[in-house]
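> Adding 243 to a residue's 1-based position in the sequence shown gives its number in my numbering.
Where a beta carbon is used, it is the ideal one built from N, C-alpha and C, also for glycine.
Predicted model, so just to flag it, every value in this text is computed and none were measured.
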Amino acid sequence: MSLKRALRAAAVAVAVLLPWMGSPSQAQEWRGWNIHVPDYPNSRGMDRFGELVMQRTNNRIRMRTYHNATLGQQDEAIQQMRLGTIDFANYNLSPFNNLAPSTNVVTLPFIFRDVPHLHRVMDGPVGEALARDLEAIGIIALAWYDAGARSFYTRDRQIRTPEDMRGLKIRVQTSDLWIDMMRALGANPTPLPFGEVYTALQSGVIDGAENNWPSYESQRHFEHARIYSTTEHSNVPEVLAVSRQRWQRLNDQERNILRDAARESAAFQRQLWAERERRSREIVVAAGVTVVDITDRRPFANLMESVYAKHAGTPQLQALVRRIRETE
Ligand code: GTR
């Protein structure tokens, strides 16, 4: 090969490889996926994360969050992060149930006693086990966000006992655990992406769905599902994550910056969350929603044994369930 040709080949190789090598001093643009409206606590948490990272890396890592699921629905966005086309995101843990076994444990119905209990669990060894499972599928968990308690909301029927759920078509996230949970309650589970729930409620394709107060309010589901029954059956938390592909190309200093920024953004999100839960409830009540307050949740919880056995039945998952129960 002539010297000229060899030099040209080397130049092409460098041009092709450079973006992949991503030397730390090189400016990078990161795309962040988010499902929620811009003023949602999680959205503001992600914006804060991005600002802190940009400041502390002197704009070497520039982060932009795309709100309102403009980069796709949640299941697609998880795949995109695994492929490296989405760089950071806030995901609920339920869509990981079929991919990362330990996420089933924190999705289980009635597993957390209250919010302080959930925080202690997520910030301890159970959170670390979850992070290891997520890393194995290409997702680096940096911090845990709150998502409150999920309850049922329906077009026509008030839910006070499991008998009231019989035959109801209820939208769930894509997760076998959720499907079995609905069946155990006598309902008819219908998996649908979040972005399709509003129209499905409006047209009557489904009789109801389940979510926390802020999602019920901010997605305007309350306009067509006018009854909210406080079953509080799951407290599945959320993760602030970055793609393993990006993470592997960062140096230690950059990783520390990201970890600290994520922790600070989670503290901020948790604080906003508590306020937003109260405000969302007030908004929907003022809009005429009927709230059915359930005080005795035992009849619902008593039907969940088969769900625990099937989705947290391995020795590893049983050990995590025990750990959660033993956490003060
Ligand atoms: C919300 C959660 C979203 C999404 C949604 C859903 O509470 O924040 O990430 O999981 O529920 O039900 O699809």
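Taking the beta carbon of T474 as the centre, do at least 16 other beta carbons fall within 10 Å, making it buried, or is it exposed?
To locate residue 474, count along the sequence shown from 1; it is residue 231. Per the 10 Å Cβ criterion, buried.
> In terms of residues, what are the limits of the beta strand (DSSP E) holding R305?
Position 62 of the sequence shown holds residue 305. It spans I304 to Y309 - the beta strand (DSSP E) in which R305 sits, taken as one unbroken run.
> What are the complete beta strand (DSSP E) segments, minimum 3 residues, inside the region 406-483?
Runs found: 412-415, 431-434, 451-454 and 470-477.
> So what does DSSP say about Y283, is it helix, strand or coil?
As a working mapping, residue 283 is identified with position 40 in the sequence shown. Coil.
> Which one or two residues does DSSP pair with A332 in a beta bridge?
Residue 332 sits at position 89 when you count from the first residue of the sequence shown. Answer is W276 and A484, bridged to A332.
> Check whether the region 371-378 touches the region 455-474, taking contact to mean three or more Cβ pairs, one atom from each stretch, closer than 8 Å.
The answer is no - the region 455-474 does not touch the region 371-378, with fewer than three Cβ pairs under 8 Å.
> Shortest alpha-carbon distance to D419 belongs to which of G451, H464 and S337?
Sequence index remark: in the sequence shown, residue 419 carries index 176 (1-based). Ranking G451, H464 and S337 by Cα distance to D419 puts S337 first.
> Evaluate V528 with the Cβ neighbour count: other Cβ atoms within 10 Å of its Cβ, from every protein chain shown; 16 or more gives buried, anything less gives exposed.
One-based indexing of the sequence shown puts residue 528 at position 285. The residue in question, V528, is exposed, as its Cβ has fewer than 16 Cβ neighbours within 10 Å.
> Closest to R463 by C-alpha separation, out of G438, P480, L483 and E481, would be which residue?
In the sequence shown, the residue the question calls residue 463 occupies position 220. The candidate whose alpha carbon is nearest that of R463 is G438.
> Under the three-state reduction of DSSP, which class applies to S345: helix, strand or coil?
What you label residue 345 is simply residue 102 of the sequence shown in a count that begins at 1. Looking at S345 - three-state DSSP - the assignment turns out to be coil, as it is neither helix nor strand.
> Buried or exposed: N499, going by 16 or more other Cβ atoms within 10 Å of its Cβ?
For the purposes of this step, residue 499 is taken as the residue at position 256 of the sequence shown. Answer is exposed; the Cβ neighbour count stays below 16.
> Following a CB-centred definition, is I449 positioned closer than 7 Å to any heavy atom of the ligand GTR?
Counted from its first residue, the sequence shown places residue 449 at position 206. Outside the cutoff, so no.
> For V535, write down the residues that DSSP places opposite it in a beta bridge.
Along the sequence shown, one-based indexing puts residue 535 at 292. In DSSP, V535 forms a bridge with S472.
> How is A530 classed by DSSP in three states: helix, strand or coil?
Reading the sequence shown from its first residue, position 287 is the one you call residue 530. A530: coil per DSSP, three-state reduction.
> Hey, would you say the C-beta of N335 is under 7 Å away from at least one heavy atom of the ligand GTR?
Your numbering for residue 335 matches position 92 in the sequence shown. True, at least one ligand heavy atom lies under 7 Å from that Cβ.
> Please identify the residue among I278, L411, Q416 and T300 whose C-alpha is closest to the C-alpha of R393.
Locating residue 393 in the sequence shown gives position 150, counting from the first residue. Closest by alpha carbon: Q416.
> Do you know whose CA, among S477, N301, G327 and Y309, lies nearest N285's CA?
As a first step, residue 285 must be located in the sequence shown, where it is residue number 42. With distances taken between Cα atoms, N285 lies closest to Y309.
> Does any heavy atom of the ligand GTR sit closer than 7 Å to the C-beta of I278?
Looking up residue 278 in the sequence shown gives position 35. Checking the Cβ of I278 against the ligand GTR gives yes.
> Which residue's Cα is closest to the Cα of R513: G288, L501, G275 and I278?
The count along the sequence shown starts at 1 and reaches residue 513 at position 270. Minimum Cα distance to R513 is reached at G288.
> In the DSSP assignment, the beta strand (DSSP E) including S394 goes from what residue to what residue?
Against the sequence shown, residue 394 aligns to sequence position 151. Element bounds for S394: R393 to T397.
> Within this structure, are the beta carbons of P434 and I413 separated by less than 8 Å?
Stepping through the sequence shown from its first residue, residue 434 is reached at position 191. Stepping through the sequence shown from its first residue, residue 413 is reached at position 170. The answer is no: Cβ separation not under 8 Å.
> Could you spell out the range, first to last residue, of the alpha helix (DSSP H) harbouring I354?
Position 111 of the sequence shown, counted from the start, is the residue given in the question as residue 354. From DSSP, I354 is part of no alpha helix (DSSP H); its letter is neither H nor E.
> To which residues of the same chain is R305 closer than 8 Å at the C-beta, ignoring the five residues directly before and after it?
Position 62 of the sequence shown, counted from the first residue, corresponds to residue 305. Closer than 8 Å at the Cβ level, and outside the excluded window around R305, lie A270, Q271, E272, W273 and M297.
> Can you find the residues in the same chain that come closer than 8 Å, C-beta to C-beta, to G556, ignoring five residues on each side of it along the sequence?
For the purposes of this step, residue 556 is taken as the residue at position 313 of the sequence shown. Once the five neighbours on either side are set aside, G556 has no close Cβ partner at all.
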